[in-house]
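>
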Amino acid sequence: MEKRYLTILPFLITANLLGEEDFLLSPEKQHYYEQQQQQIGAGYEKLYYDWLSPINLKGSDTYEKSASLGMHDSRQSLSAGIAQDIFRSGGIMYSIGYADAKKNADTIGMQKEIAGIRQELAVAVLTYQKNILLLEQSELKLKNAQIEIFLKRKQYEAGDIDITLLNNALMNQSSELKNNTSIRFTLAQQRLEASKLSNQPIESIQLPTFTLSKKENFLDEEWDIRYAYAQSQSSAQQYGQIKSSYLPKLTLIADAGHQRYNAQELSSADYHGNFYDFGLQLSMPLTYNASAATQEAQSIYLKQQALVADTKRQMEGIYEQSVAKIESYTRVISITHDNLKFYDELINATQAAVKAGYKAGYDLQTLKNTKSIEELEIKINEVNIQTELSSLHYKMRQSQENPL
48 MEKRYLTILP FLITANLLGE EDFLLSPEKQ HYYEQQQQQI GAGYEKLYYD
98 WLSPINLKGS DTYEKSASLG MHDSRQSLSA GIAQDIFRSG GIMYSIGYAD
148 AKKNADTIGM QKEIAGIRQE LAVAVLTYQK NILLLEQSEL KLKNAQIEIF
198 LKRKQYEAGD IDITLLNNAL MNQSSELKNN TSIRFTLAQQ RLEASKLSNQ
248 PIESIQLPTF TLSKKENFLD EEWDIRYAYA QSQSSAQQYG QIKSSYLPKL
298 TLIADAGHQR YNAQELSSAD YHGNFYDFGL QLSMPLTYNA SAATQEAQSI
348 YLKQQALVAD TKRQMEGIYE QSVAKIESYT RVISITHDNL KFYDELINAT
398 QAAVKAGYKA GYDLQTLKNT KSIEELEIKI NEVNIQTELS SLHYKMRQSQ
448 ENPL
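For what it's worth, this note's numbering labels the leading residue of the sequence shown as 48, then goes sequentially.
(1) Quick one: using the 10 Å Cβ neighbour count with 16 as the cut-off for buried, is Q193 buried or exposed?
(2) Give, in chain order, every unbroken run of the alpha helix (DSSP H) that is at least 4 residues long and sits entirely within the region 317-384.
(3) Considering only residues of the region 119-187, which uninterrupted beta strand (DSSP E) runs meet the minimum length of 3 residues and lie entirely inside it, listed in chain order?
(4) How big is the Cα-Cα spacing for I427 and K177?
(5) For S437, collect the residues of the same chain with a Cβ closer than 7 angstroms to its Cβ; drop the 5 residues on either side in sequence, then sort them by chain order.
(6) Can you tell me where the alpha helix (DSSP H) with R238 in it begins and where it stops?
(7) Just tell me which of I196, D391 and K243 has its CA closest to the CA of Y409.
(8) Nearest to Q412 by alpha carbon, out of K190, D153 and Q158?
(9) By DSSP's criteria, Q296 is part of a beta bridge. Which residues make up the other side?
(10) Where does K105 sit, in a helix, a strand or coil, going by DSSP?
(11) Per DSSP, what kind of secondary structure is D207 in: helix, strand or coil?
(12) For the alpha helix (DSSP H) that contains F265, what are its first and last residues?
(13) Which whole-angstrom value describes the C-beta separation of Y175 and Q285, a residue pair presumed to lie in contact below a C-beta threshold of 8 angstroms?
(14) Should D271 and T358 be called a contact, given that it needs their Cβ atoms to be closer than 8 angstroms?
(15) The alpha helix (DSSP H) with P74 in it runs from where to where?
(16) My guess is that I373 and E435 are in contact by the Cβ rule of under 8 angstroms, so how many angstroms apart are they, rounded?
(17) Beta carbon of L299, beta carbon of Q84: below 8 angstroms?
(18) Hey, could you find the ends of the alpha helix (DSSP H) K406 is sitting in?
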């Protein structure tokens, strides 16, 4: 499929080295995604070290009086303690793995969103360029309509035709005038839509020349597939993390500090010095809903795995659909090229007839206008092809992808 397409469309082979940054997002959007990137980084740091327990600092100053013995004493202490899990039946590694997987999924999700905005902007620019060509076509069609009205009016006044043919010519002109007005309004709308995405005028935005990637490469690098897979990896780590939380764990418990004890009635009992204690604690939670929580996490993971396959199947269909559209546009271009050869022959013959006085100049002008309309049709379909290719391009991760 790909080789045949490249043979059909040699004009699309030329690679354009312009990067993604050649049509920048607006400063506001860039700032938004910079903040989102920082948020992802902060969230990763939080999750990555979540398995580490805090060091608890404790300080106390107490005064005690025995009601029965009438003795007084005071106690001051300062200590630092920790209860750190050193084994969670794999839970520690799952916790770190989940942080990595979630960061990867969040980053891919952000890049996918940025690629979507770039695609939106590219489609707006290409649609604008297409409508510029359609407007040129419309102007030429109006010129032909004016010529047709002029000739039909002369024929009607001479009694050669009835009013129906003249009325049809007037209606054709009216319809094209409405089309012309609609295109101009659409162009204004597209300028407005592009201004929401970029600080550059739509006329000055330069796009790269998009080319067709092989289906295998497309499916390997497609954003939706990559994101679904990253989500499944994240779910797998989270499933392991939840499952291990209901299994045995070993905790190191340690406490160290300094204590001052004053027994006011019995000075020999005073104590001033350091203390410490440490030990290991083996525990296992017995929770009623452990099985349900684990099964829920496993179901989420299996559902994400199924989503990867389903997304890949959908994207394969989108790729094939785009290729079919491109081949259709290519056939139209080929047919139009054949028509242009026919118009060249007609124009040459009519031009000779005009010089000889057998034909009116209106016929020649109509043919020339129609040929120009067909030439614009080729350019319009080339833009249609680029629009389809841009859609595939921005669905894929590009080499050295710049997130902004």
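Even glycine gets a Cβ: it sits at the ideal position worked out from N, Cα and C.
Walking through what the data contain:
(1) So Q193 ends up on the exposed side.
(2) Whole alpha helix (DSSP H) segments, 4+ residues: zero.
(3) As far as the region 119-187 is concerned, its whole beta strand (DSSP E) runs of at least 3 residues are 119-134.
(4) I427 and K177 have their C-alpha atoms spaced approximately 6 angstroms apart.
(5) The answer, listed in chain order, is Q166, A169, V170, L173 and F257.
(6) Start and end: I210 to S242.
(7) Answer by Cα proximity: I196.
(8) That would be K190, whose Cα lies nearest to the Cα of Q412.
(9) Correcting the residue identity first, residue 296 is Lys in this sequence and not Gln. Bridge partners of K296: S330.
(10) Annotated three-state conformation of K105 is strand, per DSSP.
(11) Three-state result, D207: coil.
(12) According to the DSSP assignment, F265 belongs to the alpha helix (DSSP H) that extends over K262 to E268.
(13) Rounded, the Cβ-Cβ distance is 45 angstroms, inconsistent with contact.
(14) At a Cβ-Cβ threshold of 8 angstroms, D271 and T358 count as neighbours.
(15) Where P74 is concerned, the enclosing alpha helix (DSSP H) stretches over P74 to Y95.
(16) Going by Cβ atoms, the distance from I373 to E435 rounds to 5 angstroms, so yes, they are a contact pair.
(17) For the 8 angstroms CB-CB criterion, L299 and Q84 do not form a contact.
(18) That residue, K406, is in no alpha helix (DSSP H); it is neither H nor E in DSSP.
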